[in-house]
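The sequence shown stops at residue 541 when you use this note's numbering, and every number in between is there.
Note that CB positions come from ideal geometry on N, CA and C, so glycine has one too.
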Amino acid sequence: MNKNDIADIRKRFKLDTDLLTITDIYHAYIRQESSEIYHEESQAFALLDREQQELFMTNFKKVLGGKLGMKLFEVKFERQSEENNENHAQKILYEGLHAEEAEEWKEEMQHLAIKMVKDVQYEKDLVVTFIRGNYFKKTKRNSEETEIDMRDEVFTTPFILCSMNHTDLPKRSIVFDFQEREFKSNPMLDPIINLASPIGGFLFPCFTDNSADVNHVLYAAGKVNKPDYAFIENVLNGEEVVTAADDKAVFEEIVKQVVGGEVDTETLGNVYEAIYRLTVTDEEEEEPEEPPAIDAKQVERVLKMSGVDYVNTESVETAFQTIVDDTSYEMKATHIVPSYTSKSIKIETKVANISISPQDLKYVKQVNYDGKQCILIEVEEDTIIEGFKVISEDLLT
């Protein structure tokens, strides 16, 4: 799935639309430090009152929020072995997806919920919610087609979405009772499901080129660049994922080894710009494909374009072999430069910490003045500190 695929299904999670319908919902309540389901419920989604439906729709949107490689990960299922076939997540999800009766679907989701608590104890009470529904995605239409014609031609697929949410106990408080006309302590101490901050979840199947991909599941982490590897392996039976932070760290280590660990800001800025241009080209495509990959050949090309003339194929491949033990390793360009215009680069010093965007690195230099290392930042306007205009000093002449 690419970001457009995710954005399209995410915005469909709202009431009163026929582009996404939810048929069934199943909840499992799991007590903290417990390895069993404490309570479970299953019913038709339409039987929930409207307020509950709206709360859940907002929660499902949050599960699919975030960027690919940072909070969302397309996970490939491991091959199913004959010994563990019945317990494989892909088989459970597929059979649940196509179950004719709601009771059959519930049993499959219960099976997954049991996998979640097996050999795992959560720090807080947890509510796991599964929904089953149908997603209708508009296909491209010719200019002659009317709105009705466009709605007649859609990509249709059933889906299952899982949302995992901690519960919180309400704080004790003083309330005013209008009926009794008196102040008193709040006796309500029932756990509140924290639907605003899901700690994880997933969507099955993935969607690629207007078709369902049952060999992949879209996993959602609770925090940026912090997927639950044990959950991916043991519950989803998926292969290991690589985060954007991992890719960026690998790229930086490879470049350090190739250039010798030292580089000026102009060269570094050129490197980021060259990689950013690859992502811009990708975004301008009418039908964006997979984000462009950076391999050993691309690293060599980018460094040469950035002014590192002495780089060669052997030095780059040696760096790949040293850092990741694989000369064919690929990194996603969007992971290396996630945002070219935001202040994503941190310059930390004893005196001050500076945040700057990759595109503005050209305005920063490290210089030597009077035997001391200094950071020089080129500015086009007057510098204001606490309301005072700073006087310019001609020291670096």
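query                                                                                                                                                                                : result
Going by other Cβ atoms of all chains shown within 10 Å of its Cβ, with 16 needed for buried, is Ile528 buried or exposed?                                                           : exposed
Comparing C-alpha positions only, which one of Arg276, Ser307, Ile498, Glu461 sits nearest to Thr301?                                                                                : Arg276
Near Ile467, what residues of its chain come up, given a Cβ to Cβ distance below 8 Å and the 5 sequence neighbours on each side ignored?                                             : Val394, Glu397, Ile398, Gln401
If we call anything under 7 Å between Cβ atoms a contact, is Glu444 one with Val452?                                                                                                 : no
Secondary structure at Ile304, three-state DSSP: helix, strand or coil?                                                                                                              : strand
Could you spell out the range, first to last residue, of the beta strand (DSSP E) harbouring Glu326?                                                                                 : 326–329
Where Val534 and Thr493 are concerned, what is the direct C-alpha to C-alpha distance, given to the nearest angstrom?                                                                : 21 Å
Assuming Ser364 contacts Lys215 (C-beta within less than 8 Å), just tell me the rounded distance between them.                                                                       : It is Ala, not Ser, that sits at residue 364 in the sequence shown. Rounded, the Cβ-Cβ distance is 6 Å, consistent with contact.
Okay, do the region 220–235 and the region 374–391 touch, 3+ Cβ pairs below 8 Å being the bar?                                                                                       : yes
Counting only the same chain and skipping the five closest in sequence on each side, list residues whose C-beta sits under 7 Å from that of Met145.                                  : Glu218, Cys350, Phe351, Thr352, Leu362
For Lys235, I'd like the list of residues in its chain whose CB is within less than 8 Å of its CB, leaving aside the five on either flank, ordered along the chain.                  : Gln224, Asn229
Does the distance from the CB of Tyr279 to the CB of Val358 come in under 7 Å?                                                                                                       : no
Out of curiosity, what's the CA-to-CA distance linking Lys155 and Lys205?                                                                                                            : 7 Å
Report the rounded CA-to-CA distance for Val481 versus Gln323, giving the unit in angstroms.                                                                                         : 59 Å
Anyone know if the C-beta pair for Ser179 and Val261 falls short of 7 Å?                                                                                                             : yes
Just reading off the beta strand (DSSP E) that Ile169 is part of, what are its end residues?                                                                                         : 164–174
Among residues of its own chain, excluding the 5 on either side of Ser287, which ones have a beta-carbon nearer than 7 Å to its beta-carbon?                                         : Only weak support is given to the placement of Ser287: the predicted model assigns it a pLDDT of 44, under 50, and the question is left unresolved by the model.
Measure the CB-CB distance between Ile521 and Val508 and report whether it falls below 7 Å.                                                                                          : yes
May I ask which residues mark the beginning and end of the alpha helix (DSSP H) holding Val207?                                                                                      : 194–207
On the criterion of 16 or more Cβ atoms from any shown chain inside 10 Å, does Cys518 qualify as buried, or is it exposed?                                                           : exposed
Does Lys494 come out as helix, strand or coil in the three-state DSSP assignment?                                                                                                    : coil
From which residue to which residue does the alpha helix (DSSP H) around Gly240 run?                                                                                                 : 233–241
Am I right that Phe299 and Asn354 are in contact with their C-beta atoms under 8 Å? What's the rounded C-beta distance?                                                              : 4 Å
Might you give, ordered along the chain, the residues of its own chain that have their beta carbon closer than 6 Å to the beta carbon of Leu241, omitting 5 neighbours on each side? : Pro302, Ile304
I need the DSSP call for Lys516, collapsed to helix, strand or coil.                                                                                                                 : strand
Using the Cα positions of Phe200 and Ala356, report the straight-line distance between them to the nearest angstrom.                                                                 : 24 Å
Under 8 Å Cβ to Cβ from Thr290, same chain only, skipping five residues before and after it: list those, please.                                                                     : In this predicted model, Thr290 has a pLDDT of only 41, less than 50, meaning its place in the structure is not dependable; the value taken from the coordinates is given anyway. Within the same chain, Thr290 has no close Cβ partners at all.
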